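What follows is one structure encoded as structure tokens, with my remarks underneath.
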Amino acid sequence: MPYYDTDTLAARGRSHTQLRELLDARAPILHLHERELLLDAADALLFDEADGDVKRAAARDLLSSLVESGRWLAGPADEAAAALDGCGPLPANA
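Under this note's numbering, the first residue of the sequence shown carries the number 1166, and numbering increases by one thereafter.
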């Protein structure tokens, strides 16, 4: 696991908490498997799991499809994506 300073780890933890709060606020909109996919991606990023970037991409695809289907507005989906990204290191293509 790479070394992260305390401030970075704290910020990543806050992003994880923020994502959980955003998902809790939208619980009636999400199916259980969708919520689990988003939280699994956040956990993978937070704990530097090898498949974190793959799970991040799947979570971002889900958020995009929620917006495209009209189930979520773009603003809240962008907020959730930002919180998700904050859970881990920047994506490799950033």
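Positions of the beta carbon are idealized from the N, C-alpha and C atoms, including for glycine. From a predicted model like this one, the values you see are computed outputs, not experimental measurements.
Here Ser1230 carries a helix assignment [DSSP, helix/strand/coil].
Within the model, the alpha-carbon separation for Cys1252 versus Glu1233 is close to 24 Å. The beta-carbon distance between Ala1206 and Lys1220, rounded to whole angstroms, is 4 Å. This is short enough to meet the 8 Å contact definition.
Under the 10 Å beta carbon count, Arg1177 is surrounded by 16 or more other beta carbons and is classified as buried. In the three-state reduction of the DSSP assignment, Ala1222 falls in the helix class, which pools H, G and I.
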